Every structure is written in structure tokens, then in C-alpha cells.
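Protein chains in written order, with my numbering: chain A, 1415 to 1802; chain B, 1415 to 1802; chain C, 1415 to 1802. All C-beta atoms in this analysis are idealised placements derived from N, C-alpha and C, irrespective of residue type, glycine included. This one's a predicted model, so the numbers in the text were calculated from it and none came from an experiment.
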Amino acid sequence: MTQKKTWTLTDVDRDAYVSSCNLGPADVDRDLVPFSIRKRTLRGGVRDGVDVVEIDNGALKLAVVPTRGMGIHRASCGDVQLGWQSPVHGPVHPRYVPQDEASGIGWLSGFDEFLVRCGLEYCGAPEWNDAGKLIHPLHGRIANLPAHYVEVSVDPATRELEVVGIVDEARMFSNKLRLKSTLRATLGSPSFTVTDEITNLSSAPGELELLYHINQGAPLAVPGSRFAAAVQTLVPKDAAAARDIPTWSKYPPAAHAPEMVHFFELLAGDDGWTKTMLAAPGDKQGLAVSFDRRQFPLFTLWKNPLPAADGYVTGLEPCINLPHVKSFEKSQGRVAVLQPGETRRFDIRIEALTTPDAVAKSQAEIDALQKRATPTIHQEPQRGWSPM
Amino acid sequence: MTQKKTWTLTDVDRDAYVSSCNLGPADVDRDLVPFSIRKRTLRGGVRDGVDVVEIDNGALKLAVVPTRGMGIHRASCGDVQLGWQSPVHGPVHPRYVPQDEASGIGWLSGFDEFLVRCGLEYCGAPEWNDAGKLIHPLHGRIANLPAHYVEVSVDPATRELEVVGIVDEARMFSNKLRLKSTLRATLGSPSFTVTDEITNLSSAPGELELLYHINQGAPLAVPGSRFAAAVQTLVPKDAAAARDIPTWSKYPPAAHAPEMVHFFELLAGDDGWTKTMLAAPGDKQGLAVSFDRRQFPLFTLWKNPLPAADGYVTGLEPCINLPHVKSFEKSQGRVAVLQPGETRRFDIRIEALTTPDAVAKSQAEIDALQKRATPTIHQEPQRGWSPM
Amino acid sequence: MTQKKTWTLTDVDRDAYVSSCNLGPADVDRDLVPFSIRKRTLRGGVRDGVDVVEIDNGALKLAVVPTRGMGIHRASCGDVQLGWQSPVHGPVHPRYVPQDEASGIGWLSGFDEFLVRCGLEYCGAPEWNDAGKLIHPLHGRIANLPAHYVEVSVDPATRELEVVGIVDEARMFSNKLRLKSTLRATLGSPSFTVTDEITNLSSAPGELELLYHINQGAPLAVPGSRFAAAVQTLVPKDAAAARDIPTWSKYPPAAHAPEMVHFFELLAGDDGWTKTMLAAPGDKQGLAVSFDRRQFPLFTLWKNPLPAADGYVTGLEPCINLPHVKSFEKSQGRVAVLQPGETRRFDIRIEALTTPDAVAKSQAEIDALQKRATPTIHQEPQRGWSPM
């Protein structure tokens, strides 16, 4: 059996950088099913200079973006498109993202990915201090930092493709956190996993906030689509979300109305994992996002049913804190503290559900988890869950 | 007759990008007079990574800058140099323009072009809200956004060269305006036109401010040069401009004195167009800027006669609003609102006047327009034209 | 004898740019000892797109960074490593340095060089005006501006390698200062010189603050290392520094304690020069920084003995002003004013001390200078030296 083969694409410490590559079975083991791993640099517009690693495992196509903190720009599986149509033509090079715009929301200029990490020192709403100084722009820095190490590998034994990237969010007199992200996709599978290890490189404790903003638009998120999860607790974020409680799992017609955000504690199985699902109308296709509930105590559902031109999109968001200002999250004990050298691991599995059967199977898994407890669904925002 | 030929240089939606090209008659029709269209990427200094499309129509040379919102860096026609010597060595890559500098005027770090658009969501003076937050940095974002689509074409029938670029100023929860700019130059002509179509991509109304900052220094703008236009109304912006009213059309000796800004309504012909002109001393050469007065209700003349080392420069500026803070312009009804899907078109013609005859001919056209009405020249700033 | 040979690597005014080169004796004179001058562009991570000029004079290796204002990233001489291990993996492209971050200290995201200039319009602590607007981010702009002109040369007669770079910190309505930096290294020598000429390009007076942040970590700066200089006056910056006065020349064990900053007037020889030294434990190796005391009236010693993971580092900093907020420096008359066209020159010599003998020799030179006066060592911060 051929050994696992690894290609280092970027390693700044060793001055290594591969401008482009295109790997397939011939590079590993000709008996493998057709697959490809392709590295290139995008040119033109706001994507100029963005490195992407594009994977095709024979079923699933994925574009991972080292230049944007190992985010995932788009994915597809057959005719199931993962991701959304943002008003921006990304993936956007960080140089075009005015994170320090006084509005606090300059981050949105880069917002068009299927999976974007929010963190690491903070995430959530922008926060100003009492003197009016912007201390935490929206959603943090990690999505606009480039990986200084990238490697890809193929293991003929496990039939797994891997993309590994390392990104540091670190500077003198500040937090020094390292993200090591490993994306794994088995040949021929409609699912993939993201395994992130976040390490505090400092000799002092470091703070961590973290939310995975997994964004989906048409054709999976359209009026008549539905969301499913095994709910332990559901709390609406604010008045707009409270009005949506009777229809919290449904996607409404497009309108210029406020976004609706619901917070959850979810029910997990004996293995500690839970599953959430977005299903297209008629349950014909869908997207499942599973994760380890012990790593992610919380989950946020973002429903933003704007007209298509403005971005009809929903976010399925495993998180360790809620996307409020950091000072509030800290007051609620939801800001993690990593000790010197400490590593925390986060695992997410994402699956394209290409058939009604696949949707039904995911729904059955969620139903089974839901049997473990009766959900508590709050009609109003709750103290501790939102600033009051 | 050979058909119009078109080359797509950038199309991010189709993953197309041409690094460099150099087109001439042999690529279209060998019977055409010599011309060239050249695409390349500049390297070094603050221009590193800037794409330019350089056109030579046999009379006029032009450098269009897709990386800077389709601005025009420099132009020349024989020994007439269009543009100016800025303290910066541009064209400046947007990454070196600190638009979000707290001063509000970071835009100036990229200011060295012959033609730069100010807009689209706002233009004019920087504005802070009551809480001291910078809400509108100087002159807006469009000049520092790259085109995601660029094409060039040559039509042997009309003998026109064209450069088309599309730039989006758009993000989630914000304005979503698209600029489609078409520059046309007929083979052998000393003039060219800029036709901009601005479309609201959103399903909600979008706001538009717009000013074309057409900047000229030596040898056309020097002490003793003059400006000419068919004036309906002239209003000085402020006290410094009021002091200049007796000499509003003359360019003074260089001095470290405040800039002088005059606002105009101009007289148009039956075709709706008006013409303005800058003439070098002795009317030997000049620059004419014509535009459709129905599209541009206003015009701003910026006289900034600093010593050459600091930028002796004047701006001829067709505009739909005045370059005040946006809140004032809004209070005066000068901020345009584009309905969903609505497109507004703006046409400007720029002509290098290479001989005394050409200057005299332009002056005659302006004189003819001026006969339509006696100018109203205000000695002082006027309510509604400047904040009081 | 072969003439001095010069290669222009960047000259934006002439549209010249050399992507890479690798020069050696064969390009100049085969009789010269082996040396190399190499130009390349780094790829990947936050260094992506950074130009470096790497010199090896047969004894000393140096990486000069045109993209970062002609800073020096790292150097080495045998086993003496000059520079330090920063939490960032630089050299960092300016696009990844959020200088306008509201914190005022975004500059630190690019802080990992051996020699970085702080200036030119201002340097030192960030300053906000009374309205809370950030007017001077930490340490100024020059380190994050690219050179628009770069040349290298070799003179067989003097056996000198040179790297010349020109960087403008200029924009309309602002300061217009030009830095021309010349680095010279004689073949086979463990030392090099930096000669900077700063010219006011404007026709109006221009303000200059300037500090050379020369940063050293392990193995030269570790617990037990020492600093030496011929002291005329020593003033601790603040309470933390005052507590360090009894041990001001010693490097303590690593700890999470405040940085210690000492200000000096130094004693110079008849030639106007003074010398400072950092010596590794046991005086086995070291680093000497000499400069013209008439050009640099002041010197700052920065001791920042954080644990290695957070950056154990010291700064030897010849300066014309102290690194306080600019308004304070101005009130003390330490902000230089350059008249139109005026040039100021600054000379620094840096030497790797590779043997105990070399350390002893430098110490002897410092001892000789110290004999010229008894040092005045203040126990407390002094009025005029720090804001009170």
C-alpha cells in the first residue's frame, strides 16, 4: 500500500511556497478514484492575490482560502451548492476589508464565504469603550489573516484528503493564539470535517471567543426552507427574534425586515455530538452541520431573509460564546481563557444532503436526539442570553 | 469590413484574467492607423500590483487604472500633458491609501490622478457623527476599489477604441451600487469620452453622490492660466473663495494660501451639453471638459495654487452634489436616490487643446453658450450652497 | 581597476523594476572575495509580496526590506544572530499592519525587525487630540511605506557593497519628507553603516521626529546580558524604569513585568561619535551600535524582558526626540523643523561582536569615552524628560 503523501504548499519559516499545483491519483496511487487538489492564486477585482486550495474528492468540491484564515469560500456536491450569493465578489483579499473602519462593521466587506471563522481574541458585535474608542470590530481578525503554513496530503489507506493550515493571531503585548485547521474529506463522500486546534503561544493566559459562521443561501435557504435541530433550550436574541418564535424553524418570504437571531443549547448523543440541518422546500435537499456539543456549548441560528439581491442567507453557527459585545460575554463567563501552551480542539462535520433520503435520514437522527428531552422554547429574550 | 473585436481582460465571475497584452492594428485590421492597447501590472513603490490599461489612439495616450475604480492616471496629446505632479508617486495601490485614518483625509495618500471619481455612497468633506465617529471619509470609496470586469475593444467601422470596467461599491447591509465605465477614443482624435452607468443592484433604494475630480497642473495650469465656462450662476464656497471673486477665472502666482473653490450652474446648448476650458497663458494650449448639463446640474472649480513642490493644481469637477459633508447635501436635496435596479448615466468629454486655434474654437463655443444668459456672480457664499 | 558597478532594482519614475537578481564577484571583479547581493519577493503568510535585498559580504548577512521603508529584518555574522523572535512571522507586508486601528498601536502587527525606523512626521507613543481623534498612531508611517527607488552597487576599489533606497512620506496638504537610505558594508567586515538623508521636499517647513529602533533578542539579549554606554546623563522614563535604576545596565530574568525605558545623553569622542554595546553573558559576543552624537542628541534603551514566547527583547535606539507623544516633544523643543529643501543626515554603525576580544575592545572604547565626564544618573523621572 502506498504511504500517505504530503505536499507543503506554504512554509514561511522555511521560505517554501508553491505557486500552483494540480494533484491527482497519478501523484499518489493510480488505483484511487479520480480526485484533484489544486492550488492557485486568484487574480482581478477584490480577489487579486488570494490563494485558494481547491479540492474535489470525487463527490464534493471545496475551495479553501489560506489567505483568509483557512475559510471555505464555496462548496458543491452534485447540484447542491453550498454557500451564498453575497453582494461582494469574493473571496476578498484582506487588503480590501477595512476592519478598522469607524463603523465597526468593515469586516462585512469580506463577508461572502460559506464558512468563516469569527474570533479569536473576540467575535460578535463591535464594541466601543466608554471613551468612544472602537476596541473590538465586528467578528475579530482571524478571517482576514493569512496562513503561514499550508500543506495538503492524501492517504491511500484511509482514502482521506487533507488540507492543513496554520494561522497566527498574535502580536507583541497582545493575545498570541495559533489556529491549526485540518480539513478532511474521504474520497467519494458528500461530507467533510473541520478539525481546529487553537493553541495559546504566549506564556500568559489568552482569551478566546469563537463562532463558526456557516452561511447558506439559495437553493437550500429560500422561502419555505426549514431548519431542524435537537433543542434543549431556545432563546430569541431580541424583539425581532421573539416575534419569530412561532415560526423559528421556518424561512419566510424575502422582505426588508430585521434579521432574526436565535440562540440554542442543543441535545447531544452518547458520543457527545449533535446535528443540525437546513432543508430545502419539500425536504428535497439539504445541508447538515454536526459538531461536538462538549466543545461547542452553544449554537446560533441567523435568519436574514433579505431579497436575493441583498443576500437571502442563513447562518448555522456552532459557537463557544454568543455574538454579543465581548464585555457582555465576559460578564457571563463565556469568554474562554487558554493557559500558556494550552490547546483546545473543535470538530465540525458538514454534509451535503443531495437526496430526500439523505434529508430524511438526518431528520431521523435529529428526532432521535430530540427524544432525550423536551425543548424549552423561550418566548422572550432572557437575562444572561442578551444584554437587558 | 472587419467586425468589432473585444478582449476580456478581467472577469472574476468567469475566473478570467489577462496579465498583459499589447494590441495593435495587426490584431484587428491592418488598414487602421497605428494604435495600441496595452495591459500590464505596475511594480515597485506604492504602485506595486496596480493594473493599468494604456491606450494610444494615434493622437492621445491614456492610462486607465482598473485597480483604482477605472480612474485615469495620466494622459497626453503631443506635448500637452494632462494630469499633475502630486507629492505621491502613483498610481497608488488602494492598500497604501489609509481611507480609515482618523483624520478623515487618508484618501489624499492616493490622490495623484488626472481623473478620479468621488463617490458613490458619498463624496465631499469628511463627516463625523455627533458621537465623534467618522461616518464619511473624504471623497468616498469608489476610487480605491478594483474593477472585477475589464474589457477592451476596437471597432474598425467607427474607428473607436473602448475600455469598459465594472466596479461594485457594495456590501451586506449597505449601499450596493455598480459603476460601469466606458471610455471611448476615436483613432487619431485628441478627445475621448467617459460614459458611466451607475446601477443600484439592491432591492432597496440606494443613495448616490458623485463628483469627477479632473485635475490639471503645469503646463496648462500655471500662474497666468485662465478658466472659462458659460456661467449661469457662480457662488464662492467660503471667505477665501469670496476674496477670489474678482479674479475667479485667473490663476494666481503660487503661494501658501487657502484653496479657492467656486460652485457653478452652467449654461447648456440645445443639446443639453456645456463646455468648460482651462487655457495656458497666452491661450496657446488647453484642456476642455464638456458634459451633459442635464446629468450634472453642478460644477465645482478648485483652484489650489500651491508652490509646485506642494502641488499647483486645479480641478474641473462636474458633479451632482457639492463637495460638502453629506448631511448638508442631503438637507439641500442634492443626494440622489436610485430606485432598485435604476441606472443613471453620466457623460463627459475631455479634449486636449494642442494649438491656439483649438483654444480659440473652444472659447467661441463657450462664448456662444454665454450669450444665452447674463451670469449671476455672487460676491459672497450663499445659503444653500454652503453651510452657514 | 574595475569601476563601481550599480544596478537599479526599482525606479518607478522610469518604470523600472527587477523582480529578482543574484549578483556576485563574477558580475563585478572575479578577484573579489565571495559575496552576494540577492533580490527577491517573499511569498506566503503576512510576508506575501514583500521585496527583500539580501546581502552577504563574506562575513555578515543582512536582509534589507524595501517594502518596509528600508528596514533591516535580520542579520547574522557567523553564529551571532542579530534581530529577535517576534510573535509575528515577518517581514510583514504593510497591508497587514493596521496602522489606523483605534488602539493606536496597530503598528505592532508589523514589529519584528532588527532595525526599524520610527518617524518621520512623528514617532513615539500614540496621541489623541482633545476630541478623542487619533492623530499620531504609534511610531509613525515610514516603516510601512515602500521604497520607490532601490539600487545596489559594488565598488571594487573601496570593496564596499551598497544598498540605496528612497522612500517618500508625503501627501498633499501634509508633510513631504524623503528618506534616502544608504547601507554600506565592506567585504569581509562584521560591521555595516546606515547613512540616512532626510529631505524636506515641500516649499513649506516640515516636522521631523526620528528614532532608530534597533532590536535584539537571544542569544545576545538574555538574562545576564548587559548594556554599556558612555553616559553623560541617564533618566528613567517612569516609575518602572526608576525601580530599575540600580540595575539599569543588566538584563533580568524573564517576567511578565512592565517594560523599562531609560533615556540618555551620551559622551562622544573628538570625532563626535559615541558607542553603545549589548554584551551576551560572559561578554562572549555582542552587538555595538555607534552613531554621531551631534546628529543624535538622545538615546533610548528599551528593556522588555518578557518570557521568550512573548518576546524577550531590548532596543538600542539612537534618536532625535524621545518616544513620548508628539505634543510633549514639541513643548520640549525636540521636534525638528526642516526648512524647504533642507536635508539632515544621520549616520549609524552597527557591528557584530563575534568574540570576547571584540567585546573587550568595544568596552575599552566606551570606557575611554566615559573618562570624559562623571555620569549623572537620575533616580527618578525628570521634568522635561517625561510628562509629569
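Any beta carbon from chain C within less than 7 Å of P1560/A's own beta carbon? Along the first sequence, one-based indexing puts residue 1560/A at 146. Interface residue, yes.
Anything in the stretch 1429 to 1462 of chain B with a Cβ closer than 9 Å to a Cβ of chain C? List those residues in chain order, please. L1456, R1457, G1458, G1459, V1460, R1461 and D1462
Below 8 Å CB to CB, which residues in the same chain sit around V1751/B once its five sequence neighbours on both sides are set aside? The residue you call residue 1751/B lines up with position 337 of the second sequence. Closer than 8 Å at the Cβ level, and outside the excluded window around V1751/B, lie P1619, G1620, E1621 and L1622.
Beta-bridge partners of R1803/C, as assigned by DSSP: This structure does not reach residue 1803/C, given that chain C is present from 1415 up to 1802, and the question cannot be answered.
Count the other CB atoms, across all protein chains shown, that sit within 10 Å of the CB of S1616/A; report buried if there are 16 or more and exposed otherwise. Along the first sequence, read from residue 1 onward, the residue named residue 1616/A stands at position 202. Buried is the call here.
Can you list the residues of chain C that V1502/B reaches, using a CB-CB cut of under 9 Å? Translated into positions along the second sequence, residue 1502/B becomes position 88. Neighbours of V1502/B on chain C, chain order: D1582, A1584, R1585 and M1586.
Do you know whose CA, among N1589/A, L1783/A, R1748/A and G1631/A, lies nearest T1613/A's CA? Along the first sequence, one-based indexing puts residue 1613/A at 199. Checked all of N1589/A, L1783/A, R1748/A and G1631/A; the closest Cα to T1613/A is N1589/A.
Would you call the stretch 1454 to 1467 of chain C and the stretch 1560 to 1579 of chain A in contact, with 3 or more CB pairs under 8 Å? yes
Are N1558/C and V1511/C close, meaning C-beta to C-beta below 7 Å? Taking the first residue of the third sequence as position 1, residue 1558/C is located at position 144. Taking the first residue of the third sequence as position 1, residue 1511/C is located at position 97. Going by C-beta atoms, N1558/C is nearer than 7 Å to V1511/C.
Report the three-state DSSP secondary structure of T1788/A (helix, strand or coil). Here residue 1788/A is taken as the residue at index 374 of the first sequence, counted from 1. Three-state result, T1788/A: coil.
Please go through the same chain and pick out, in chain order, the residues whose beta-carbon is closer than 6 Å to the beta-carbon of V1577/B, but skip the five residues on each side of it. Along the second sequence, one-based indexing puts residue 1577/B at 163. Answer for V1577/B: V1467, V1478, V1566 and L1597, listed in chain order.
With C-beta atoms as the reference, is L1625/A less than 7 Å away from P1737/A? The sequence position of residue 1625/A within the first sequence is 211, counting from 1. The sequence position of residue 1737/A within the first sequence is 323, counting from 1. Contact: yes.
On the criterion of 16 or more Cβ atoms from any shown chain inside 10 Å, does A1642/A qualify as buried, or is it exposed? Taking the first residue of the first sequence as position 1, residue 1642/A is located at position 228. So A1642/A counts as buried.
Which ranges would you report for the alpha helix (DSSP H) in the stretch 1525 to 1553 of chain C if only whole runs of at least 4 residues count? none
Hey, does H1738/B have any beta-carbon neighbour from chain C nearer than 7 Å? Your numbering for residue 1738/B matches position 324 in the second sequence. No, because no Cβ of chain C sits closer than 7 Å to the Cβ of H1738/B.
Let me see if you follow: with CB-CB separation under 7 Å, is D1514/C close to chain A or not? Looking up residue 1514/C in the third sequence gives position 100. For D1514/C, the answer is yes, since a Cβ of chain A falls inside 7 Å of its Cβ.
Hey, is S1523/B's beta-carbon within less than 7 Å of any beta-carbon in chain C? Position 109 of the second sequence holds residue 1523/B. For S1523/B, the answer is yes, since a Cβ of chain C falls inside 7 Å of its Cβ.
Using a Cβ cut-off of 7 Å (strictly closer), state whether D1465/C contacts chain A. On the third sequence, residue 1465/C is found 51 positions in, with the first residue counted as 1. Taking Cβ atoms only, chain A never reaches closer than 7 Å to D1465/C, which makes this a no.
Counting contacts by CB-CB distance shorter than 7 Å, is V1682/B in contact with chain A? Translated into the one-based positions of the second sequence, residue 1682/B becomes position 268. Contrary to the premise, residue 1682/B reads as Ala rather than Val in this sequence. By this cut-off, A1682/B is not an interface position.
Comparing the C-beta of G1533/C with each C-beta of chain B, is any distance below 7 Å? On the third sequence, position 119 is the one that residue 1533/C refers to. Judged by the 7 Å Cβ criterion, G1533/C is not in contact with chain B.
Can you confirm whether E1618/C, when its beta carbon is compared against all beta carbons of chain B, has any partner nearer than 7 Å? Here the question's residue 1618/C lines up with position 204 in the third sequence. The identity of residue 1618/C in the sequence shown is Ala, whereas the question assumes Glu. For A1618/C, the answer is yes, since a Cβ of chain B falls inside 7 Å of its Cβ.
Decide if Q1495/B is buried, meaning its Cβ has at least 16 other Cβ atoms within 10 Å, or exposed. In the second sequence, counting from the first residue as 1, residue 1495/B sits at position 81. Q1495/B is buried by the Cβ-count criterion.
Note down the Cα distance separating L1529/B from T1481/B, rounded to an integer number of angstroms. By one-based count along the second sequence, residue 1529/B stands at place 115. By one-based count along the second sequence, residue 1481/B stands at place 67. Each residue's alpha carbon lies about 14 Å from the other.
Decide yes or no for the touch test of the stretch 1415 to 1429 of chain C against the stretch 1659 to 1667 of chain B: beta carbon pairs closer than 8 Å, at least 3 of them. no
Using the C-alpha atoms, what's the distance from S1433/A back to L1692/A? Residue 1692/A sits at position 278 when you count from the first residue of the first sequence. Residue 1433/A sits at position 19 when you count from the first residue of the first sequence. For L1692/A and S1433/A, the distance between alpha carbons rounds to 37 Å.
Closer than 6 Å: is that where the CB of A1656/A sits relative to any heavy atom of the ligand COA? Although the ligand COA was asked about, the structure shown includes no ligands whatsoever.
Kindly identify the DSSP beta-bridge partner or partners of L1624/B. As a working note, residue 1624/B is residue 210 in the second sequence. In DSSP, L1624/B forms a bridge with G1533/B.
For chain B, find out if any of its Cβ atoms is closer than 7 Å to the Cβ of R1555/A; answer yes or no. Along the first sequence, read from residue 1 onward, the residue named residue 1555/A stands at position 141. Closer than 7 Å: no.
Which same chain residues, not among the five before or five after I1791/C, have their C-beta less than 6 Å away from its C-beta? Position 377 of the third sequence holds residue 1791/C. Cβ neighbours of I1791/C beyond the five flanking positions: L1648.
Same chain, Cβ closer than 6 Å to E1673/A, neighbours up to 5 away in sequence not counted: The sequence position of residue 1673/A within the first sequence is 259, counting from 1. Counting only Cβ-Cβ distances below 6 Å, and skipping sequence neighbours, we find N1718.
Straight-line Cα distance separating P1789/C from R1797/C: Locating residue 1797/C in the third sequence gives position 383, where the first residue counts as 1. Locating residue 1789/C in the third sequence gives position 375, where the first residue counts as 1. Cα to Cα, the separation comes out at about 18 Å.
If you measure between the beta carbons of H1503/B and V1426/C, is that distance less than 7 Å? Working through the second sequence from its first residue, we reach residue 1503/B at position 89. Working through the third sequence from its first residue, we reach residue 1426/C at position 12. Yes, they are a contact pair.
Compute the distance between the beta-carbons of E1574/B and D1514/C, then report whether it is under 7 Å. Numbered from its first residue, the second sequence carries residue 1574/B at position 160. Numbered from its first residue, the third sequence carries residue 1514/C at position 100. No. Outside cutoff.
Assuming contact is defined by CB atoms lying nearer than 7 Å, are A1635/B and T1728/B in contact in what I supplied? Within the second sequence, numbered from 1, the residue matching residue 1635/B stands at position 221. Within the second sequence, numbered from 1, the residue matching residue 1728/B stands at position 314. Taking 7 Å as the Cβ cut-off, A1635/B and T1728/B qualify as a contacting pair.
Where does the unbroken alpha helix (DSSP H) through A1654/A begin, and where does it stop? Position 240 of the first sequence, counted from the start, is the residue given in the question as residue 1654/A. Looking at the DSSP string, the run of the alpha helix (DSSP H) that includes A1654/A is A1653 to R1657.
Listing by chain order, which chain B residues have their CB less than 9 Å from the CB of K1590/C? Counting from 1 along the third sequence, the entry for residue 1590/C is found at position 176. Per Cβ cutoff of 9 Å: P1501, A1723 and D1724.
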